[in-house]
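**Student:** This structure is in C-alpha cells; I'll ask about it shortly.
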Amino acid sequence: MNLLIMGLPGAGKGTQAAKIVGKFDVVHISTGDMFRAAMANQTEMGLLAKSYIDKGDLVPDEVTNGIVKERLAQDDIKGKGFLLDGYPRTIEQAYALDDTLKNLGIQLEGVINIDIDPTKLVERLSGRIIHRETGETFHKVFNPPAEGYDEKDYYQREDDKPESVKRRLEVNIAQGQPIIDHYRAANLVHDIEGDQDIEVVFADIEKVLSKLQ
Ligand code: ADP
Ligand code: AMP
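Residue numbers for the sequence shown follow the UniProt record's numbering, beginning at 1 and rising by one.
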C-alpha cells in the first residue's frame with residue numbers, strides 16, 4: 001500500500017504510524033525523523049534544517065522535496081509500499097510528490113487524515129517524551145512508559161517546548177487545508193477521529209486499511 005498519514009503536530013501520526021507498520025508491513029518515511037537524524041549527525045542538511053525546526057518553521061520545500069524524492073526511489077518502496085508521515089506540509093510539496101510518484105510509476109492509494117481540535121494539541125506536545133534508546137514515543141500522562149520508569153531514559157524534543165509549539169501549530173494550520181482539499185478532490189481521504197484512545201484510533205485506521213489492502 002502507498003499511503004500518507006496527515007494531521008496537525010501532536011495529532012498522533014507517529015504513534016499510529018508505528019502501529020501501522022507493525023501490522024501492514026509498509027515502509028515508514030517520516031520527514032521529521034529524517035531531519036532529526038541529520039541534525040544528530042550534524043550533516044550540512046541537518047544544520048540547515050535545525051535553523052528552521054528550532055523556531056517551529058518549515059524546512060524549505062527544495063530541501064524537503066529532495067530528501068523524499070531520493071527516499072521514494074529506493075528499492076524497498078516498490079516491493080512494500082510506503083507510509084509518508086509529515087509530508088507533504090505545503091501545497092507545493094503535494095504537487096512535487098504528485099510528480100515524483102508519477103515519474104516512479106507509483107500510485108498513491110489512500111490518505112489517513114487524523115482529525116483533532118487544535119486546542120488539544122499543546123497538552124499532547126508538551127507531555128510528549130521519546131525513549132532515547134528506541135526512539136519510541138510516549139506521553140507523560142496519556143501514554144506513559146512502564147510504571148516507575150526512569151525519566152533520564154527519555155527526552156523532550158527541543159521543538160516541543162512552548163516557544164516552538166505555538167509557531168508550529170500556526171504554520172501547520174495555515175498550510176494544511178489546501179493539501180487536504182487536493183487529496184479530497186482525488187477521493188483519497190479517510191478521516192479518522194483523533195480525540196480517542198490510541199487503540200481506538202488504530203482500530204478505526206485498521207478498518208480503512210483492511211479495505212484498501
Ligand atoms: P505527531 O506525530 O502527529 O506529531 P505523536 O504520535 O508524536 O504526534 O503524538 C503526540 C503526543 O500525543 C505523544 O506524546 C503521544 O504519546 C500522544 N498521543 C498520541 N495519540 C494519542 C491519543 N489518541 N490520545 C492521547 N495521547 C496521544
Ligand atoms: P515532525 O516530526 O513531523 O513534527 O516534524 C518536526 C519538524 O521538522 C517540523 O516542525 C518542521 O520544522 C520539519 N519538517 C518535517 N516535515 C517537514 C515538511 N514536510 N516540510 C517542511 N518541514 C518539515
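Using N, Cα and C, we set each Cβ at its ideal position, and we do this for glycine too.
1) How many whole angstroms separate the CB atoms of L8 and I116, which I take to be in contact at a CB cut-off of 8 Å?
2) Would you check if the distance between the CB atom of E158 and the CB atom of D54 is smaller than 8 Å?
3) With burial defined as no fewer than 16 other Cβ atoms inside 10 Å of the residue's Cβ, what is the status of N103: buried or exposed?
4) Is it buried or exposed for I173, if we count other Cβ within 10 angstroms and need 16 for buried?
5) Starting from R132, trace the beta strand (DSSP E) in both directions and tell me its first and last residue.
6) Using 7 Å as the cut-off, classify the Cβ of H139 as near or not near the heavy atoms of ligand 1, replying yes or no.
7) Taking the alpha-carbon positions, what's the G176 to K152 distance?
8) Under 7 Å: does the beta carbon of I53 sit that close to some heavy atom of ligand 2?
9) Just to check, is the beta-carbon of D98 closer than 7 Å to a non-hydrogen atom of ligand 2?
**Tutor:** Taking the definition as stated:
1) 7 Å
2) In this structure, E158 sits near D54, with a CB-CB distance shorter than 8 Å.
3) So N103 ends up on the exposed side.
4) exposed
5) Looking at the DSSP string, R132 is not in any beta strand (DSSP E), and its letter there is neither H nor E.
6) yes
7) 35 Å
8) yes
9) no
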